[in-house]
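Per the numbering used here, the first sequence starts with residue 6, numbered consecutively.
Ideal Cβ placement from N, Cα and C applies to all residues, glycine included.
In what follows, a single structure is set out as structure tokens and then discussed.
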Amino acid sequence: MRTFKDRVREVVAAIPRGQVMTYGEVARRAGHPNAARAVGAIMKSNFDPAIPCHRVVGATSLGGYNRGLDLKRKRLQEEGYAGV
DNA sequence: CAGCTGACTGTAC
DNA sequence: TGTACAGCCAGCT
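Here's what the structure looks like:
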């Protein structure tokens with residue numbers, strides 16, 4: 006039984022380079038439209054380098070990053086994200 | 001098993 | 001335009 010967490014990890018890992026997704030979008034893609042908070046809580050606990058959690062941003066803010074928000078911004082800019 | 005926590009989101013002032 | 005409040009869900013203790 007894949008938990009919501011596992012699906013979120015898959016969804017985030019499937020985000021193409023240069024593109025970002027909001028917590029709400031990820032939650033929706035994972036099957037839970039209103040579980041944006043749960044997504045954030047999961048990302049926080051997830052230190053797997055295979056998960057580009059820096060591509061997950063908030064709808065009104067950048068959100069956060071377990072390895073340093075500065076690194077997140079840097080990566081997004083390098084990938085071509087103009088939302089910074 | 002029940003309660004608390006959190007990288008959210010949308011609405012209201 | 002910016003800040004504050006309430007509602008929402010799953011994971012973890």
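By the DSSP assignment, the alpha helix (DSSP H) with Ala-40 in it spans what residues?
Locating residue 40 in the first sequence gives position 35, counting from the first residue. Segment: none, Ala-40 is in no alpha helix (DSSP H) and carries neither H nor E.
Specify the secondary structure class of Met-26 as computed by DSSP and reduced to three states.
Locating residue 26 in the first sequence gives position 21, counting from the first residue. Strand, per DSSP.
With a cut-off of 8 angstroms on the beta carbons, I'd call Gly-85 and Gly-23 a contact; round off their distance for me.
On the first sequence, position 80 is the one that residue 85 refers to. On the first sequence, position 18 is the one that residue 23 refers to. Going by Cβ atoms, the distance from Gly-85 to Gly-23 rounds to 4 angstroms, so yes, they are a contact pair.
Residues bridged to Val-89 [DSSP beta-bridge criterion]
Taking the first residue of the first sequence as position 1, residue 89 is located at position 84. Paired residue(s): none; Val-89 is not in a bridge.
I'd like to check one pair, Arg-78 with Met-26: are the Cβ atoms closer than 8 angstroms?
To locate residue 26, count along the first sequence from 1; it is residue 21. To locate residue 78, count along the first sequence from 1; it is residue 73. Cβ distance not < 8 angstroms, so Met-26 and Arg-78 don't count as in contact.
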